[in-house]
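> Structure incoming, see below.
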């Protein structure tokens, strides 16, 4: 069973992961194969 707290943590982790991916993608633009 997933509690609201667990969902909140998951959403927060996903958001941070997305932001980190965005920043990393900006720095590593020379690698188009990491588009996903």
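Residue numbers (our numbering): 2 to 37. The beta carbon of each residue, even a glycine, is placed where N, CA and C say it ideally should be. Owing to the predicted nature of the structure, the values given are computational and were not obtained by experimental measurement.
1. Once DSSP output is grouped into helix, strand and coil, what is the label at residue 7?
2. Rounded to a whole number of angstroms, what is the C-alpha to C-alpha distance between residue 7 and residue 21?
3. Kindly indicate which three-state DSSP category residue 14 falls into: helix, strand or coil?
Reading off the structure:
1. Reduced to three states, the DSSP call for residue 7 is helix.
2. Straight-line Cα distance between these residues: approximately 21 Å.
3. Helix, per DSSP.
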